[in-house]
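**Student:**
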Amino acid sequence: MIFYQKKKIKIESDNSFKIKLDKNFKVKDYNINSKLKFDQIFFDRNFQNLIYLKNGSIISNFSNKFYNLEIDSSYNFLNKNYNNHKDNILNLKLTKDNDIKIKSLFKNNKTKINTKELTKYFSDYKNFIKDQDIIVSSDNSVNFSIDNKNNIKNLNITSNLNFDKLKIDYISTKIKKRVPEYNNKIFLVGKNVLVDYTKGFTKIFSSGEYALNDKNDQFDVFSLDILKDNKKIKFISNLEIKNNAFLIKEINYKKEKQTISNLMLDAALEDNNIINFKDISYFEGKNSILLTNLHLDQDLKIKNIDKIELNYLNDNSKKNSLKIAKNKNSKYVLESTNFDGKPLIENILKGDSNNNFLKIFKNLNSEIDLKIDKFYVSDKSYLNKLSGKFSIKNNQIKFGKIDAVLDKKNIFSYNLKTTKKNEKITNIYIEKPKPFIKNYKFIKGFNGGKLYYDSIEKAGLTKSVLEISDFKVKKVPVLAKLLTLADIQGIADLLTGEGIRFSQFEMDYESKGSVTTINEIYAIGPAISMLMEGYLEKDKLTSLRGTLVPATTINKTISKIPLLGNILVGKKVGEGVFGVSFKIKGPPDNLKTTVNPVKTLAPRFITRTLEKLKGS
């Protein structure tokens, strides 16, 4: 194997020879010692095309039994732009008996070099590390042997290096989700990087600084240890997070800029691309998040997790303390003394399926027991002594039951079951559901009532009925606009004053994907009744139409309210109007409402009203 190019070399030499001849004048034994001084030696480009040797010496000693060679030299880079420093030193020792054994030491100090010279040896990193100049210092040794078939054996590489600011281009929505200011760039300063490669096993111990922008005063510290063999890569890291905000929206946690937190990982990447986190620890002051034995597949779905412990103050200033642990039967137990479930309730009421926690699992099959002392559903209201159980199969909840007391005195009950026909039936009952209703921003001043919710879901289609009885509302912008447009100012005043009471509200609707079809909404009360239908396309379009009628028994009830009766019905039978028909249509933030007076009510409205009056 030829390592050098065949070029002219200027040399000085000092040599000695010792030769023994036998009686036939044939060479019996020999020993040659030589010391050469050279100006420059260029390596064969198939071997490497980065440096050449300069102003060095070669000391050799060989005989018919052994061969020793030692090279002491400085070296320069083939690219003259990199030769900005003179402290580049190389020492190479070569011995030969059966195999050729090579030991080499080389170092450089503060060499300015372009990363393209390095990435050509590590092609996997070309997409992340664009061409840029960095300053590198290193102290390295490379030892190996070559057998008689030119095979490299027993390769050992050790390196101690540091480098200045290195920019890495890395597009990641996952980092952006946690660090809002992340702009797809990472800047690294390697202050101490130790590399040891021996017999196929690589160890890298590194520490330094990192930043997510190129401002010199916004670097945080990191350490990263990597151990790699043929089967897996193990890494242990400690990351300081100070100069960036850090979010975990799923649990409503936010770390502000300039507060210090630490993220520690102890993990391994298996040869089947499964990531096993032995431990994940996050600390920020008194806030802590701990995960144990988290296994992720190549799509970052959870295959297994043994334990989660959360203790933190969320951005609602609520203390959260929660522990989820797997027991010996592979069942999970979730326990909490205090947990703010308001964000979870808001997402459920919005119908935001993207927040379904089961989607983060690969294929969960387990049971979960719940025991929560306080589960906040709003800023002040909470479910007390919550207990329940869920059975999950193939990432689907097959059975669920929760019982709790709302605000220390009201019943909360949740039940879910799956039939043999694979129909998922859900039943919810809540006494005085104000804490839940107040999450609907278009309803203000809700009070009293009992809420019943029943649904059947199959093949992506959910048919639901929502009933609320005996409640009062004080502010519903859409209803207020209807009353104003219909010139029913008396009832509009009630709505903004003491409020309008309803004895019954029913909503019959179907949901599939992002579309909700409202078959019927019917509300009846002593001052006003309403019937409507339509559909809603999530975040895009609302389309409703219906009839609004003052008083439940039309003329009779209204006429008992002297002033209001005169306005709406008139002093004589037949005067005035029975109500209005209306349409509401448009995107959620720009609804258009139109009304028309009606003197003849639709049979459907009359039938529904009589049904309710008869039932009462």
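Every position in the sequence shown, counted from 1, becomes a number in the numbering used here once 385 is added.
Quick reminder that beta carbons are idealized off the backbone N, C-alpha and C, glycines included.
Once the 5 residues before and after L435 are set aside, which same chain residues still bring their CB inside 8 angstroms of it?
**Tutor:** Position 50 of the sequence shown, counted from the start, is the residue given in the question as residue 435. Counting only Cβ-Cβ distances below 8 angstroms, and skipping sequence neighbours, we find F462, L463 and E502.
**Student:** Alpha carbon to alpha carbon, how far is Q517 from K497? Give it in angstroms, no decimals.
**Tutor:** Taking the first residue of the sequence shown as position 1, residue 497 is located at position 112. Taking the first residue of the sequence shown as position 1, residue 517 is located at position 132. Looking at the two C-alpha atoms, the distance is approximately 10 angstroms.
**Student:** Can you tell me where the alpha helix (DSSP H) holding P820 begins and where it ends?
**Tutor:** On the sequence shown, position 435 is the one that residue 820 refers to. Its alpha helix (DSSP H) spans residues K819 to I822.
**Student:** Between the C-alpha atoms of I906 and M917, what's the straight-line distance to the nearest angstrom?
**Tutor:** The count along the sequence shown starts at 1 and reaches residue 906 at position 521. The count along the sequence shown starts at 1 and reaches residue 917 at position 532. When rounded, the distance between both Cα atoms is 5 angstroms.
**Student:** Output the distance between the C-alpha atoms of I841 and N812, rounded to the nearest integer angstrom.
**Tutor:** Position 456 of the sequence shown, counted from the first residue, corresponds to residue 841. Position 427 of the sequence shown, counted from the first residue, corresponds to residue 812. Whole-angstrom Cα-Cα distance: 9 angstroms.
**Student:** Roughly how many angstroms separate the alpha carbons of S914 and V934, rounded to a whole number?
**Tutor:** Numbered from its first residue, the sequence shown carries residue 914 at position 529. Numbered from its first residue, the sequence shown carries residue 934 at position 549. Their backbone Cα atoms lie some 5 angstroms apart in a straight line.
**Student:** Please work out which residues of its chain come closer than 7 angstroms, Cβ to Cβ, to V900, disregarding the five sequence neighbours upstream and downstream, and give them in chain order.
**Tutor:** Locating residue 900 in the sequence shown gives position 515, where the first residue counts as 1. Around V900: Y920 and E922.
**Student:** Could you name the residues of the same chain whose beta carbon sits closer than 6 angstroms to that of N723, not counting the 5 residues immediately before and after it, in chain order?
**Tutor:** Translated into the one-based positions of the sequence shown, residue 723 becomes position 338. Around N723: K704, S706 and K759.
**Student:** For E566, is the classification buried or exposed, using 16 other Cβ atoms within 10 angstroms of its Cβ as the cut-off for buried?
**Tutor:** To locate residue 566, count along the sequence shown from 1; it is residue 181. Burial call: exposed.
**Student:** Report the residue from D754, L698, R563 and K671 whose alpha carbon sits nearest the alpha carbon of I633.
**Tutor:** As a first step, residue 633 must be located in the sequence shown, where it is residue number 248. The residue with the shortest Cα to Cα distance from I633 is R563.
**Student:** Using only alpha-carbon positions, find the residue among F967, P982 and V983 that is nearest to L976.
**Tutor:** Working through the sequence shown from its first residue, we reach residue 976 at position 591. Measuring from the Cα of L976, the nearest candidate turns out to be F967.
**Student:** Can you check whether the CB of E752 is closer than 7 angstroms to the CB of S721?
**Tutor:** As a working mapping, residue 721 is identified with position 336 in the sequence shown. As a working mapping, residue 752 is identified with position 367 in the sequence shown. No, they are not a contact pair.
**Student:** How is the beta strand (DSSP E) around E816 delimited, first residue to last?
**Tutor:** For the purposes of this step, residue 816 is taken as the residue at position 431 of the sequence shown. Run containing E816: K809 to E816, per the beta strand (DSSP E) assignment.
**Student:** Would you report the Cα separation of T938 and G833, rounded to the nearest angstrom?
**Tutor:** Residue numbering aside, residue 938 sits at position 553 when the sequence shown is read from its first letter. Residue numbering aside, residue 833 sits at position 448 when the sequence shown is read from its first letter. Caution is warranted here: a pLDDT of 40 is assigned to T938, below 50, making its placement in the model unreliable, and no coordinate value can be reported.
**Student:** Indicate whether I621 and D610 have their beta-carbon atoms separated by less than 7 angstroms.
**Tutor:** The sequence position of residue 621 within the sequence shown is 236, counting from 1. The sequence position of residue 610 within the sequence shown is 225, counting from 1. In this structure, D610 lies closer than 7 angstroms to I621 by Cβ.
**Student:** Only counting the same chain, and skipping five residues up and downstream in sequence, which positions put a Cβ closer than 7 angstroms to that of Q603?
**Tutor:** Counting from 1 along the sequence shown, the entry for residue 603 is found at position 218. These residues qualify, in order along the chain: A596 and N628.
**Student:** Here's a check: name, in chain order, each residue in its chain whose Cβ is nearer than 8 angstroms to the Cβ of F334, leaving out the five neighbours to either side.
**Tutor:** There is no way to answer for residue 334, as the model of the chain reaches only from 386 to 1001.
**Student:** Starting from K703, trace the beta strand (DSSP E) both ways and give me its first and last residue.
**Tutor:** Numbered from its first residue, the sequence shown carries residue 703 at position 318. Per DSSP, K703 belongs to no beta strand (DSSP E) and is neither H nor E.
**Student:** Going by DSSP, what residue range makes up the beta strand (DSSP E) through R930?
**Tutor:** Taking the first residue of the sequence shown as position 1, residue 930 is located at position 545. From DSSP, the beta strand (DSSP E) with R930 extends over L926 to P935.
**Student:** What are the residues that DSSP puts in a beta bridge with G845?
**Tutor:** In the sequence shown, counting from the first residue as 1, residue 845 sits at position 460. Partner(s): none; G845 has no beta bridge.
**Student:** Taking the alpha-carbon positions, what's the K492 to S458 distance?
**Tutor:** In the sequence shown, residue 492 corresponds to position 107, counting from 1. In the sequence shown, residue 458 corresponds to position 73, counting from 1. Approximately 11 angstroms, taken between the alpha carbons.
**Student:** Are K663 and D651 close, meaning C-beta to C-beta below 7 angstroms?
**Tutor:** For the purposes of this step, residue 663 is identified with residue 278 of the sequence shown, where counting begins at 1. For the purposes of this step, residue 651 is identified with residue 266 of the sequence shown, where counting begins at 1. Yes, the Cβ-Cβ distance between K663 and D651 is below 7 angstroms.
**Student:** Checking the sheet assignment: what are the DSSP bridge partners for T644?
**Tutor:** Sequence index remark: in the sequence shown, residue 644 carries index 259 (1-based). Its beta-bridge partners do not exist; DSSP assigns none.
**Student:** Starting from L503, trace the alpha helix (DSSP H) in both directions and tell me its first and last residue.
**Tutor:** The sequence position of residue 503 within the sequence shown is 118, counting from 1. Note, L503: alpha helix (DSSP H), K501 to T504.
**Student:** Please report the straight-line C-alpha distance between F572 and F746, rounded to a whole angstrom.
**Tutor:** In the sequence shown, counting from the first residue as 1, residue 572 sits at position 187. In the sequence shown, counting from the first residue as 1, residue 746 sits at position 361. In a straight line, the C-alpha of F572 is about 33 angstroms away from that of F746.
**Student:** Suppose contacts are defined by Cβ-Cβ distances below 7 angstroms. Is I885 in contact with L929 by that definition?
**Tutor:** Start at 1 with the first residue of the sequence shown, and residue 885 comes out as number 500. Start at 1 with the first residue of the sequence shown, and residue 929 comes out as number 544. Contact: no.
**Student:** Just how far apart, CA to CA, sit N795 and G726?
**Tutor:** Here residue 795 refers to the residue found at position 410 of the sequence shown. Here residue 726 refers to the residue found at position 341 of the sequence shown. One C-alpha to the other measures close to 18 angstroms.
**Student:** How would you call N739, buried or exposed, if buried means at least 16 neighbouring beta carbons within 10 angstroms?
**Tutor:** One-based indexing of the sequence shown puts residue 739 at position 354. At N739 the pLDDT is 40, less than 50, meaning the model places this residue with poor confidence; the figure from the coordinates comes in the next sentence. N739 comes out exposed.
**Student:** Pick helix, strand or coil for D691, following the three-state DSSP scheme.
**Tutor:** For the purposes of this step, residue 691 is identified with residue 306 of the sequence shown, where counting begins at 1. In the structure shown, D691 sits in coil (DSSP, three-state: anything other than H, G, I, E or B).
**Student:** For A912 versus F890, is the C-beta spacing smaller than 7 angstroms?
**Tutor:** Within the sequence shown, residue 912 is the residue found at index 527, counting from 1. Within the sequence shown, residue 890 is the residue found at index 505, counting from 1. Contact flag unset, no.
**Student:** Mind reading off the beta-carbon distance from I519 to D549? Whole number of angstroms is fine, and I expect it under 8 angstroms.
**Tutor:** The sequence position of residue 519 within the sequence shown is 134, counting from 1. The sequence position of residue 549 within the sequence shown is 164, counting from 1. Indeed they touch by this definition, with Cβ atoms about 6 angstroms apart.
**Student:** Within the continuous alpha helix (DSSP H) that includes R563, where are the two ends?
**Tutor:** For this step, residue 563 is matched to residue 178 along the sequence shown. Looking at the DSSP string, the run of the alpha helix (DSSP H) that includes R563 is T558 to R563.
**Student:** Go through the segment 414-438 residue by residue and report every complete run of the beta strand (DSSP E) that reaches 3 residues or more, in order.
**Tutor:** For the segment 414-438, not a single whole beta strand (DSSP E) run of length 3 or above is found.
**Student:** With a Cβ-Cβ cutoff of 7 angstroms, do S888 and D839 count as a contact?
**Tutor:** Here residue 888 refers to the residue found at position 503 when the sequence shown is read from its first residue. Here residue 839 refers to the residue found at position 454 when the sequence shown is read from its first residue. Their beta carbons are not under 7 angstroms apart, which means S888 does not touch D839 by this criterion.
**Student:** Just verifying my parser: in three-state terms, what is the DSSP assignment at D921?
**Tutor:** Working through the sequence shown from its first residue, we reach residue 921 at position 536. The amino acid occupying residue 921 in the given sequence is Leu; Asp does not appear at that position. Residue state, collapsed to three classes: strand.
**Student:** Under a Cβ-count criterion, where at least 16 other Cβ atoms within 10 Å of its own Cβ denotes burial, should V412 be classed as buried or exposed?
**Tutor:** To locate residue 412, count along the sequence shown from 1; it is residue 27. The residue is exposed, with fewer than 16 neighbouring Cβ atoms inside 10 Å.
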